[in-house]
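Structure record follows, encoded as structure tokens.
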RNA sequence: CGGGGCGUAGCUCAGCCUGGUUAGAGCGCCUGGUUUGGGACCAGGAAGUCGGAGGUUCGAAUCCUCUCGCCCCGACCA
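Residue numbers (this note's numbering): 1 to 568.
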């Protein structure tokens with residue numbers, strides 16, 4: 001294939017190792033190398049290139065290099081994770097996206113139970129007065145609360161419905177539940193024998209954000225919030241850090257997103273917390289994303305809500321509380337950490353579908369042949385009982401699905417739709433399914449199948465005799481590990497040191513990513529730096545403290561090192 | 001909330017400047033046929049209160065006013 005063309009019609013996006021990437025007007029990115037010898041009839045300008053490969057064949061996804069923000073939205077649209085709602089700032093989480101949230105919930109909930117927590121549910125509506133009890137808390141959330149002021153609609157003079165039945169006290173829709181939970185804990189906790197209280201809730205919250213972005217920042221979002229009360233400050237601190245560790249382990253093991261654990265500066269901490277800890281992740285565009293937070297609330301909320309208990313010393317004292325949460329934002333993190341120009345890539349541990357089987361046949365005879373082979377394949381992977389059970393299930397979109405792991409809700413599907421195999425390949429590739437299996441007459445004859453790996457788009461021929469649950473599990477685990485390694489290498493390659501403020505500015509401007517430096521946290525200084533660089537202190541990382549150095553801003557001696565980055 | 005851009009079929013958009021039959025195209029969707037190992041082709045078909053409201057006009061997708069929404073940038077934030 002000697003396709004040569006003029007780059008006149010393309011915008012050259014970069015050049016590395018003699019390979020040119022170009023964005024064509026149709027939004028497709030292609031890679032070219034210069035053509036050495038002339039003689040092609042379509043010669044137009046002084047340059048000619050040979051098409052090496054289409055770096056992006058995705059018709060409906062803008063390449064990351066062209067427009068990262070649009071790429072993110074295109075990936076969500078193409079993989080049908082979410083859709084816009086008629087209400088500004090809200091999103092509809094579609095089945096494909098919700099299944100990922102369910103996988104996150106299932107995994108995290110197990111980890112919460114393993115650390116002794118129980119689930120409960122507190123209501124959506126909170127008396128407005130509750131919010132005002134903790135001074136910093138009001139200040140932090142007052143600006144983004146949705147308020148319920150009326151209890152009904154009535155027909156007005158012009159026949160149109162108008163709000164009526166004004167409430168005596170307005171209710172706010174929870175932006176978080178510290179206040180109402182504090183109120184309840186005050187009633188439930190009387191004695192040190194009632195402690196610790198270790199409750200979590202899975203729910204929705206609402207923060208009336210100015211600017212929203214699917215998954216990353218929506219007005220309403222789903223999350224979990226853990227709220228605990230303890231007898232001593234040491235226990236509370238231990239709990240705060242324990243849950244931060246749970247989040248970090250979850251992010252790395254299940255989402256394959258390496259994170260940096262650390263503390264927030266006072267400027268960045270949760271309104272009402274004594275100390276906020278966080279896990280920070282790095283996205284492919286070199287911007288940081290806070291993926292989870294854990295707060296030591298000290299006695300701030302127990303004093304505001306009067307959570308008192310009679311201690312072992314017979315004295316009445318305030319409890320020590322914590323709270324911690326992660327949200328559907330994690331899905332945004334997952335997308336931005338792993339996906340590519342072809343579309344979504346889901347880490348196997350949270351993938352609702354782990355394999356998509358694409359049958360290939362021309363005639364009814366070939367179809368029967370391929371069908372029999374696929375059934376054998378499915379029996380080997382999912383068991384005879386599951387294959388039989390699947391026959392009695394309704395198949396969504398006419399696509400039968402088989403449980404590979406029922407407890408983890410992981411399925412294998414067979415795409416029998418009346419479409420061309422190529423279409424099906426792109427279809428499942430865009431949706432980030434970890435593996436695809438291609439089964440055609442040639443494969444059946446050879447007792448094999450073609451296994452295609454989403455992560456690197458590689459393919460290999462696998463003998464049917466090799467195929468077994470453990471084999472697939474090992475394949476999935478290997479991909480999971482590879483994704484984590486890849487993300488970690490990217491993250492590590494994007495942590496740079498700066499010894500001066502000028503160096504910080506330069507590094508942020510040239511590379512983005514995390515910049516580590518000695519710094520004495522200070523609200524005014526941080527605001528100024530943010531103003532000048534758009535970067536904030538993401539955290540005071542646990543690793544690497546205690547080494548003396550000079551604060552990049554004030555020049556004063558300090559042993560505190562922080563990570564700066566532009567963030568979502 | 002400030003600045004910029006955009007709202008016409010499910011999606012991407014043309015038409016608007018200069019108002020005038022029945023509002024178009026590509027993709028997608030449906031039907032039939034030929035096809036099928038990385039995005040097929042032919043034929044036929046369904047689909048739009050031109051974001052909404054008001055105004056100007058004999059007549060508005062087109063001009064004017066207001067309004068709503070989306071995207072990008074800033075301030076705010078998990």
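A virtual CB, placed ideally from N, CA and C, is assigned to each residue, including glycine.
Coarse secondary structure for residue i, derived from DSSP in three states
{"i": "residue 239", "result": "helix"}
{"i": "residue 387", "result": "helix"}
{"i": "residue 144", "result": "helix"}
{"i": "residue 541", "result": "strand"}
{"i": "residue 569", "result": "This structure does not reach residue 569, given that the chain is present from 1 up to 568, and the question cannot be answered."}
{"i": "residue 283", "result": "coil"}
{"i": "residue 493", "result": "coil"}
{"i": "residue 344", "result": "coil"}
{"i": "residue 312", "result": "coil"}
{"i": "residue 256", "result": "coil"}
{"i": "residue 524", "result": "helix"}
{"i": "residue 441", "result": "helix"}
{"i": "residue 231", "result": "coil"}
{"i": "residue 549", "result": "strand"}
{"i": "residue 19", "result": "Low per-residue confidence applies at residue 19: pLDDT is 36, beneath 50, and the placement is therefore not dependable enough to give any value."}
{"i": "residue 534", "result": "coil"}
{"i": "residue 151", "result": "strand"}
Selected residue, minimal CA-CA separation from residue i, among the options
{"i": "residue 140", "options": "269, 197, 262, 279", "result": "269"}
{"i": "residue 173", "options": "509, 380, 154, 208", "result": "208"}
{"i": "residue 313", "options": "377, 559, 192, 278", "result": "192"}
{"i": "residue 251", "options": "451, 59, 94, 105", "result": "105"}
{"i": "residue 300", "options": "285, 284, 558, 319", "result": "319"}
{"i": "residue 466", "options": "411, 376, 529, 525", "result": "376"}
{"i": "residue 424", "options": "356, 324, 149, 540", "result": "356"}
{"i": "residue 126", "options": "81, 206, 91, 135", "result": "206"}
{"i": "residue 501", "options": "555, 472, 369, 541", "result": "555"}
{"i": "residue 527", "options": "496, 315, 62, 564", "result": "564"}
{"i": "residue 124", "options": "204, 393, 103, 460", "result": "204"}
{"i": "residue 360", "options": "440, 404, 285, 351", "result": "440"}
{"i": "residue 219", "options": "245, 143, 182", "result": "143"}
{"i": "residue 117", "options": "187, 504, 202", "result": "202"}
{"i": "residue 408", "options": "82, 64, 100", "result": "100"}
{"i": "residue 175", "options": "154, 222, 189, 153", "result": "222"}
{"i": "residue 282", "options": "510, 490, 551", "result": "490"}
{"i": "residue 189", "options": "530, 445, 321, 463", "result": "321"}
{"i": "residue 296", "options": "519, 517, 264", "result": "264"}
{"i": "residue 267", "options": "260, 276, 261", "result": "276"}
{"i": "residue 122", "options": "86, 162, 156, 183", "result": "183"}
{"i": "residue 77", "options": "61, 87, 86", "result": "61"}
{"i": "residue 518", "options": "358, 245, 539", "result": "539"}
{"i": "residue 196", "options": "83, 239, 111", "result": "239"}
{"i": "residue 456", "options": "305, 308, 315, 340", "result": "340"}
{"i": "residue 381", "options": "64, 417, 468, 448", "result": "468"}
Exposure label - residue i; buried when at least 16 CB within 10 Å
{"i": "residue 72", "result": "buried"}
{"i": "residue 113", "result": "exposed"}
{"i": "residue 137", "result": "buried"}
{"i": "residue 14", "result": "Legend: pLDDT at residue 14 = 29, less than 50; position of this residue unreliable, value from coordinates given subsequently. So residue 14 counts as exposed."}
{"i": "residue 225", "result": "buried"}
{"i": "residue 523", "result": "exposed"}
{"i": "residue 479", "result": "buried"}
{"i": "residue 364", "result": "exposed"}
{"i": "residue 542", "result": "exposed"}
{"i": "residue 36", "result": "Because the pLDDT of residue 36 is 29, which lies under 50, any placement of that residue in the model is unreliable, and the number read from its coordinates should be weighed accordingly. So residue 36 counts as exposed."}
{"i": "residue 559", "result": "exposed"}
{"i": "residue 200", "result": "buried"}
{"i": "residue 153", "result": "exposed"}
{"i": "residue 511", "result": "exposed"}
{"i": "residue 442", "result": "exposed"}
Per DSSP, cross-strand counterpart(s) of residue i
{"i": "residue 220", "result": "206"}
{"i": "residue 324", "result": "226, 294"}
{"i": "residue 436", "result": "356, 452"}
{"i": "residue 403", "result": "411"}
{"i": "residue 83", "result": "92"}
{"i": "residue 119", "result": "200"}
{"i": "residue 277", "result": "263, 294"}
*Cβ pair count under 8 Å reaching 3, the region 129 to 139 against the region 210 to 217*: no
Counting Cβ pairs closer than 8 Å, one from the region 344 to 354 and one from the region 434 to 445, do we hit at least three? yes
Would you call the region 277 to 295 and the region 327 to 340 touching, i.e. three or more CB-CB distances under 8 Å?
The region 277 to 295 is in contact with the region 327 to 340.
The region 332 to 339 in contact with the region 394 to 401 per 3-pair CB rule at 8 Å:
no
Flag this pair as touching only if the region 145 to 155 and the region 164 to 178 have three or more C-beta atom pairs under 8 Å; answer yes or no. yes
**Asked** Counting Cβ pairs closer than 8 Å, one from the region 409 to 419 and one from the region 378 to 398, do we hit at least three?
**Response** yes
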